[in-house]
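Q: Protein sequences, first through last, are from chains A and B.
My numbering applies: residue 1 is where the first sequence begins, and numbers increase by one.
My numbering applies: residue 456 is where the second sequence begins, and numbers increase by one.
Even glycine gets a Cβ: it sits at the ideal position worked out from N, Cα and C.
Given the structure is predicted, the values throughout are model-derived calculations rather than measurements.
Before I ask anything, here is the structure I am working with.
There are 2 protein chains.
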Amino acid sequence: MSTTPATAGDLAELDTGTLFGALEDPALNSMNFLNEVAIHYPEAIPLAAGRPSEEFFELEDVHRYLRIFSEHLGRRLTEAQVRRTVLQYGRTKGIIHELVAENLRLDEDISVDPESVVVTAGCQEAMFLVLRALRADERDVLLAVSPTYVGLTGAARLVDLPVRPVRTGEHGIDLEDLVAVIRRERAAGRRPRACYVVPDFANPSGLSLDLATRRRLLEVAAAEDVLLIEDNPYGLFHGDADRVPTLKALDAARRVVYLGSFAKSVLPGARVGYVVADQRVSGADGTTGLFADQLSKIKSMLTVNTSPIAQAVVGGKLLAHGCRLAGATAPERRLYDRNLRRLVTGLAERFPPGSDVTWTVPTGGFFVVVTVPFAVDDRLLERSARDYGVLWTPMGHFYDGVTAVRALRLSCSAVSVDQIDRGLDRLAALINDRSGRSAGTIGHGHLADSARGEP
Amino acid sequence: MSTTPATAGDLAELDTGTLFGALEDPALNSMNFLNEVAIHYPEAIPLAAGRPSEEFFELEDVHRYLRIFSEHLGRRLTEAQVRRTVLQYGRTKGIIHELVAENLRLDEDISVDPESVVVTAGCQEAMFLVLRALRADERDVLLAVSPTYVGLTGAARLVDLPVRPVRTGEHGIDLEDLVAVIRRERAAGRRPRACYVVPDFANPSGLSLDLATRRRLLEVAAAEDVLLIEDNPYGLFHGDADRVPTLKALDAARRVVYLGSFAKSVLPGARVGYVVADQRVSGADGTTGLFADQLSKIKSMLTVNTSPIAQAVVGGKLLAHGCRLAGATAPERRLYDRNLRRLVTGLAERFPPGSDVTWTVPTGGFFVVVTVPFAVDDRLLERSARDYGVLWTPMGHFYDGVTAVRALRLSCSAVSVDQIDRGLDRLAALINDRSGRSAGTIGHGHLADSARGEP
Numbered sequence: 001m002s003t004t005p006a007t008a009g010d011l012a013e014l015d016t017g018t019l020f021g022a023l024e025d026p027a028l029n030s031m032n033f034l035n036e037v038a039i040h041y042p043e044a045i046p047l048a049a050g051r052p053s054e055e056f057f058e059l060e061d062v063h064r065y066l067r068i069f070s071e072h073l074g075r076r077l078t079e080a081q082v083r084r085t086v087l088q089y090g091r092t093k094g095i096i097h098e099l100v101a102e103n104l105r106l107d108e109d110i111s112v113d114p115e116s117v118v119v120t121a122g123c124q125e126a127m128f129l130v131l132r133a134l135r136a137d138e139r140d141v142l143l144a145v146s147p148t149y150v151g152l153t154g155a156a157r158l159v160d161l162p163v164r165p166v167r168t169g170e171h172g173i174d175l176e177d178l179v180a181v182i183r184r185e186r187a188a189g190r191r192p193r194a195c196y197v198v199p200d201f202a203n204p205s206g207l208s209l210d211l212a213t214r215r216r217l218l219e220v221a222a223a224e225d226v227l228l229i230e231d232n233p234y235g236l237f238h239g240d241a242d243r244v245p246t247l248k249a250l251d252a253a254r255r256v257v258y259l260g261s262f263a264k265s266v267l268p269g270a271r272v273g274y275v276v277a278d279q280r281v282s283g284a285d286g287t288t289g290l291f292a293d294q295l296s297k298i299k300s301m302l303t304v305n306t307s308p309i310a311q312a313v314v315g316g317k318l319l320a321h322g323c324r325l326a327g328a329t330a331p332e333r334r335l336y337d338r339n340l341r342r343l344v345t346g347l348a349e350r351f352p353p354g355s356d357v358t359w360t361v362p363t364g365g366f367f368v369v370v371t372v373p374f375a376v377d378d379r380l381l382e383r384s385a386r387d388y389g390v391l392w393t394p395m396g397h398f399y400d401g402v403t404a405v406r407a408l409r410l411s412c413s414a415v416s417v418d419q420i421d422r423g424l425d426r427l428a429a430l431i432n433d434r435s436g437r438s439a440g441t442i443g444h445g446h447l448a449d450s451a452r453g454e455p
Numbered sequence: 456m457s458t459t460p461a462t463a464g465d466l467a468e469l470d471t472g473t474l475f476g477a478l479e480d481p482a483l484n485s486m487n488f489l490n491e492v493a494i495h496y497p498e499a500i501p502l503a504a505g506r507p508s509e510e511f512f513e514l515e516d517v518h519r520y521l522r523i524f525s526e527h528l529g530r531r532l533t534e535a536q537v538r539r540t541v542l543q544y545g546r547t548k549g550i551i552h553e554l555v556a557e558n559l560r561l562d563e564d565i566s567v568d569p570e571s572v573v574v575t576a577g578c579q580e581a582m583f584l585v586l587r588a589l590r591a592d593e594r595d596v597l598l599a600v601s602p603t604y605v606g607l608t609g610a611a612r613l614v615d616l617p618v619r620p621v622r623t624g625e626h627g628i629d630l631e632d633l634v635a636v637i638r639r640e641r642a643a644g645r646r647p648r649a650c651y652v653v654p655d656f657a658n659p660s661g662l663s664l665d666l667a668t669r670r671r672l673l674e675v676a677a678a679e680d681v682l683l684i685e686d687n688p689y690g691l692f693h694g695d696a697d698r699v700p701t702l703k704a705l706d707a708a709r710r711v712v713y714l715g716s717f718a719k720s721v722l723p724g725a726r727v728g729y730v731v732a733d734q735r736v737s738g739a740d741g742t743t744g745l746f747a748d749q750l751s752k753i754k755s756m757l758t759v760n761t762s763p764i765a766q767a768v769v770g771g772k773l774l775a776h777g778c779r780l781a782g783a784t785a786p787e788r789r790l791y792d793r794n795l796r797r798l799v800t801g802l803a804e805r806f807p808p809g810s811d812v813t814w815t816v817p818t819g820g821f822f823v824v825v826t827v828p829f830a831v832d833d834r835l836l837e838r839s840a841r842d843y844g845v846l847w848t849p850m851g852h853f854y855d856g857v858t859a860v861r862a863l864r865l866s867c868s869a870v871s872v873d874q875i876d877r878g879l880d881r882l883a884a885l886i887n888d889r890s891g892r893s894a895g896t897i898g899h900g901h902l903a904d905s906a907r908g909e910p
């Protein structure tokens, strides 16, 4: 509120200067800005959206999964108990924890006590719970492989937890830099609590950690006594390469807090994710308990419990496939793999060897990062949307600051191959115009005019 | 993490001393403790639970509401767009905001722009969003009518926002005390941002504010320049008394942030609530926007968006009843009214005039507060559950401290009239034993033995 005294009848007015400071932070405005551009230019080809393909969405699936889950419950509960479980307030940590634990055992070779699972209102809430629990005072800091998913940075802002970048390096995380950052922070009197990492097909880089790097990361985390927060939304979409074990599967020492999502493997609209927090927590009174139970206390004051109706939808899909989603999502895996190859091949066709445009070549996931010879900012994105008809994400959004970066992120998850081809033509036109090259030099015409106003 | 250096292979251990301090706070442990007692003594009669009656729960309703909502969307959207709306990621502020605004207009005579509505993962998330936005630094404090809903206190803890109690007084809020607390806080260099109030059938007191008090409260809030946070989960359950307008309906000056819940009027398992935040916010750059849009930024980093599947369930019920829930919930209103009368009558029968046991006599809602001549704490609740077979809530949970209070809360929403009668018999036995009176003096036998082990 303003501090000027008001008289009865005045309109209440608020001033951002007296509200939570992070509301002005780029991290909290990132999602809104990107959404607004997409809404404002609906005809632009969305190589920005990290949402899953809608090709496999069926409204009837929601009904079917709900029925499968209710029938499953009905095998050991009375009808009244089934109704209560799905429709009433319920267990804070969730009602599908056993199915989640079984899924982790079958798909990920991760063995955890279901009691260490907290089912959350999307994986975003899981991030918030973990960061809120770990942030005790102003000495605490979080480390994160940079560039970093903006949702992690945003959640950290909500609890006033600074995020210190760790370099990606050649192996998806530069372990020497990790150690250096930890020691520098400790020397300055701060407490590095954990390092956030997406080991499989990271958002935004698309890069993965190889097995040796994963093992060494676990050793470094133990030696330096920090937790690892492993976020794994894309692991199932590994193209035709073999999967590498998750950090949690390799974690014999409960060093890893594991974040899971069903947004891409079941339905985003369920908004169901989870966190595995099997660390032991000792209290001042000598008792010990699970870190999951501390997270549960926070959740009870944040969202009470995750909608059991939404959980039932996810539980039904898990049951329909014997708790194995790796097989159940094979069609999605093939679609994303096809799109990713088309994207990478398409970039190679448009920017031949020797070009000053380069890009990452991930083996799975949704994202490719393109490095260009000029600064990429939000204004350029708006120009791209308006004049060239193609959307992408300025990489600056994934750095903890406002600096323009000479790179942009492309996503191939929510588009057709035809859209990828046309989107890349438009992107190439933009890049060539911006680089001051004639479009003709690489054999593609300027598509801005034809793009404008296209449905 | 402990600060002792660990070697690779050691188990990671956490220590509550290095975690978020509020995890040890009574407010965050309240829900867990009360749930645990209930789970441990399933045979005890639950006069503690504030959950809605399950008498009207039907699994088929979920399917029916989903279909109604999808068909409604289908009238102006393509099939693909309907699937996207219900199953994909979506608008942060929600997809049923127009239906919510229409419901507020019809049921509450509240007129608001749908853009000022943020649909949330239960009303608890709405509380968190508002408190997070209002808490800028350590000077900020929140006021709340005391005794206070523990979920409000818990949400305030998550953002380190102190809660200052305001006396209930004779009219549901002591306005002189409100002014005194605001001025005392300001004199101490703090910023009172808002006062939290449940004007209709408050949890836990059961008390309501009359119309004159509501009008005066709005005047005081304007004169003292604080917001009011109005929480209205029980307004529809007003027995056979007339409804009094909500603060928001009387609010011509956008002084009230309104919190709504569909947990009691549709289904708790949907976990759908909302906040109306129509205040104007001016930015440093001279632009103005809605407070709802600031809350939306926080939500985007907390839960991204509320499950559109869950929103569709609520939207379907709204559509099925022309957006009027007052009529649609008349059967619930009659059931709660019947139970509340039985509870109050039953107390009068067991504690005749002149007794040192007194209680509130609400005209609606779920709760009655019983004042007794001895301190009521968690240990007494456990004894009551074990030896007397009846559950209730120690009023200490609704005060911002750990002091035992000479009062307990009874709830009548999730029990039958027979359970109310038997529960009151058991409670009377406990009270009489604890007061050192012979049970015979009020004509009821000791029921502890018969209660034990009863299903």
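1. Quick one: residues in its chain with C-beta nearer than 8 Å to the C-beta of Arg51 (chain A), no 5 flanking neighbours on either side, listed in chain order?
2. What would DSSP say about Gly741 (chain B), mapped onto helix, strand or coil?
3. Would you decide whether Ala643 (chain B) is buried or exposed? Buried here means 16 or more other CB atoms lie within 10 Å of its CB.
4. With a threshold of 8 Å, are at least 3 pairs of Cβ atoms found where one atom belongs to the region 822-841 of chain B and the other to the region 462-479 of chain B?
5. According to a CB-to-CB cut-off of less than 8 Å, which residues of the region 757-786 of chain B neighbour chain A?
6. Taking only runs that begin and end inside the region 459-523 of chain B, name each unbroken alpha helix (DSSP H) of 4 or more residues, in chain order.
7. Leaving out five residues before and five after Tyr149 (chain A) in sequence, what residues of the same chain have Cβ atoms less than 6 Å from its Cβ?
8. For Tyr791 (chain B), which of helix, strand or coil comes out of DSSP?
9. Using a Cβ-Cβ cutoff of less than 8 Å, which residues in the same chain neighbour Thr949 (chain B) once the five nearest sequence positions on both sides are dropped?
10. Runs of 4 residues minimum, wholly inside the region 192-265 of chain A: which ones carry the alpha helix (DSSP H) assignment?
11. In terms of alpha-carbon separation, which member of B:Arg861, B:Ala767, B:Ile637, B:Arg841 lies closest to Leu554 (chain B)?
12. Note down, in chain order, each residue of its chain lying with its Cβ closer than 6 Å to the Cβ of Pro817 (chain B), except the 5 sequence neighbours on either side.
13. For chain A, is any of its Cβ atoms less than 8 Å away from the one on Lys752 (chain B)?
14. Can you tell me whether Arg861 (chain B) is helix, strand or coil according to DSSP?
15. Measuring only the C-alpha atoms, how far is Arg619 (chain B) from Glu679 (chain B)?
16. Which residues share a DSSP beta bridge with Trp814 (chain B)?
17. In whole angstroms, what separates the C-alpha of Leu633 (chain B) from that of Ser116 (chain A)?
18. DSSP three-state call for Arg881 (chain B): helix, strand or coil?
19. What does Thr473 (chain B) reach in chain A if we use C-beta pairs closer than 8 Å?
20. For Cys323 (chain A), I'd like the list of residues in its chain whose CB is within less than 7 Å of its CB, leaving aside the five on either flank, ordered along the chain.
21. Check distances from the C-beta atoms of the region 508-520 of chain B to those of chain A and list, in chain order, the residues that come in under 7 Å.
22. With Arg135 (chain A) and Leu161 (chain A) assumed to form a contact (beta carbons below 8 Å), what rounded beta-carbon distance in angstroms separates them?
23. Could you confirm whether any beta carbon from chain A is found closer than 8 Å to the beta carbon of Met456 (chain B)?
24. From Ala765 (chain B) to Ser890 (chain B), what distance separates their C-alpha atoms?
25. Give a yes or no on whether the C-beta atoms belonging to Asp109 (chain A) and Asp278 (chain A) are separated by under 8 Å.
26. Going by DSSP in three states, Arg190 (chain A) sits in which element: helix, strand or coil?
27. Tell whether a beta-carbon distance below 8 Å holds between Ala649 (chain B) and Leu683 (chain B).
28. Return no unless some Cβ of chain B is closer than 8 Å to the Cβ of Gln88 (chain A).
29. Alpha carbon to alpha carbon, what distance is there between Arg76 (chain A) and Tyr274 (chain A)?
30. Put Gly389 (chain A) into one of helix, strand or coil per three-state DSSP.
31. Hey, out of A:Asp356, A:Val62, A:Glu54, A:Gly354, whose CA is closest to Leu521 (chain B)'s CA?
32. Return the CA-CA distance between Val417 (chain A) and Glu332 (chain A), expressed in angstroms with no decimal places.
33. Return helix, strand or coil for Gly851 (chain B), following the three-state DSSP convention.
34. Quick check on this structure: which residue in B:Glu640, B:Gly694, B:Thr742 has the alpha carbon closest to the alpha carbon of Ala785 (chain B)?
35. Tell me, which residues are paired with Asp140 (chain A) by DSSP?
36. Figure out for me which residue from B:Gly577, B:Leu795, B:Val652, B:Ala499 has the closest Cα to the Cα of Val721 (chain B).
A: So, to answer that:
1. For this step, residue 51 (chain A) is matched to residue 51 along the first sequence. For Arg51 (chain A), where only same-chain residues beyond five positions count, the Cβ hits under 8 Å are Pro268, Ser413, Ala414.
2. Residue mapping note: residue 741 (chain B) aligns to position 286 of the second sequence, counting from 1. In the structure shown, Gly741 (chain B) sits in coil (DSSP, three-state: anything other than H, G, I, E or B).
3. To locate residue 643 (chain B), count along the second sequence from 1; it is residue 188. With fewer than 16 other Cβ atoms within 10 Å, it is exposed.
4. no
5. Leu757, Thr758, Val759, Asn760, Thr761, Ser762, Pro763, Ile764, Ala765, Val768
6. 481-495
7. Translated into positions along the first sequence, residue 149 (chain A) becomes position 149. So the list reads Asn203, once near-sequence residues are dropped.
8. Within the second sequence, numbered from 1, the residue matching residue 791 (chain B) stands at position 336. Helix.
9. Residue coverage of chain B in this structure runs from 456 to 910, which leaves residue 949 (chain B) outside it and unanswerable.
10. 211-224, 247-250
11. Locating residue 554 (chain B) in the second sequence gives position 99, counting from the first residue. Of the listed residues, the one whose Cα sits closest to Leu554 (chain B) is B:Ala767.
12. Your numbering for residue 817 (chain B) matches position 362 in the second sequence. Once the five neighbours on either side are set aside, the close Cβ partners of Pro817 (chain B) are Phe656, Gly661.
13. Taking the first residue of the second sequence as position 1, residue 752 (chain B) is located at position 297. Closer than 8 Å: yes.
14. For this step, residue 861 (chain B) is matched to residue 406 along the second sequence. Residue state, collapsed to three classes: strand.
15. As a position in the second sequence, residue 619 (chain B) is number 164, starting the count at 1. As a position in the second sequence, residue 679 (chain B) is number 224, starting the count at 1. Approximately 16 Å, taken between the alpha carbons.
16. Position 359 of the second sequence, counted from the first residue, corresponds to residue 814 (chain B). Trp814 (chain B) is bridged to B:Val825.
17. Along the second sequence, one-based indexing puts residue 633 (chain B) at 178. Along the first sequence, one-based indexing puts residue 116 (chain A) at 116. Between Leu633 (chain B) and Ser116 (chain A), the C-alpha separation is close to 44 Å.
18. Counted from its first residue, the second sequence places residue 881 (chain B) at position 426. The answer is helix: DSSP assigns Arg881 (chain B) an H, G or I state.
19. The sequence position of residue 473 (chain B) within the second sequence is 18, counting from 1. Going along chain A in sequence order, the residues near Thr473 (chain B) (Cβ under 8 Å) are Ala136, Arg191.
20. Taking the first residue of the first sequence as 1, we reach residue 323 (chain A) at position 323. Once the five neighbours on either side are set aside, the close Cβ partners of Cys323 (chain A) are Leu99, Glu102, Asn103, Leu106.
21. Glu509, Phe512, Leu514, Val517, His518
22. As a first step, residue 135 (chain A) must be located in the first sequence, where it is residue number 135. As a first step, residue 161 (chain A) must be located in the first sequence, where it is residue number 161. About 4 Å separates the two Cβ atoms, so the contact holds.
23. For the purposes of this step, residue 456 (chain B) is taken as the residue at position 1 of the second sequence. Any answer about Met456 (chain B) is weak, because its pLDDT of 40 lies below 50 and its placement is not dependable; what the coordinates show is given next. It does: the Cβ of Met456 (chain B) has a partner Cβ on chain A nearer than 8 Å.
24. For this step, residue 765 (chain B) is matched to residue 310 along the second sequence. For this step, residue 890 (chain B) is matched to residue 435 along the second sequence. Rounded to the nearest angstrom, the two C-alpha atoms are 48 Å apart.
25. Along the first sequence, one-based indexing puts residue 109 (chain A) at 109. Along the first sequence, one-based indexing puts residue 278 (chain A) at 278. The answer is no: Cβ separation not under 8 Å.
26. As a first step, residue 190 (chain A) is located in the first sequence; it is residue number 190 there, counting from the start. Correct three-state label for Arg190 (chain A): coil.
27. Working through the second sequence from its first residue, we reach residue 649 (chain B) at position 194. Working through the second sequence from its first residue, we reach residue 683 (chain B) at position 228. Yes. Within cutoff.
28. Taking the first residue of the first sequence as position 1, residue 88 (chain A) is located at position 88. Judged by the 8 Å Cβ criterion, Gln88 (chain A) is in contact with chain B.
29. Taking the first residue of the first sequence as 1, we reach residue 274 (chain A) at position 274. Taking the first residue of the first sequence as 1, we reach residue 76 (chain A) at position 76. If I take the Cα positions, the gap works out to 25 Å.
30. Position 389 of the first sequence, counted from the start, is the residue given in the question as residue 389 (chain A). Gly389 (chain A) falls in the coil class under three-state DSSP.
31. Position 66 of the second sequence holds residue 521 (chain B). Closest by alpha carbon: A:Val62.
32. Indexing the first sequence from 1 puts residue 417 (chain A) at position 417. Indexing the first sequence from 1 puts residue 332 (chain A) at position 332. If I take the Cα positions, the gap works out to 14 Å.
33. On the second sequence, position 396 is the one that residue 851 (chain B) refers to. Residue state, collapsed to three classes: helix.
34. Mapped onto the second sequence, residue 785 (chain B) falls at position 330. Taking only the C-alpha atoms, the option nearest Ala785 (chain B) is B:Gly694.
35. Counting from 1 along the first sequence, the entry for residue 140 (chain A) is found at position 140. DSSP lists A:Arg191 as partners of Asp140 (chain A).
36. The count along the second sequence starts at 1 and reaches residue 721 (chain B) at position 266. If we check each option's Cα against that of Val721 (chain B), B:Gly577 comes out closest.
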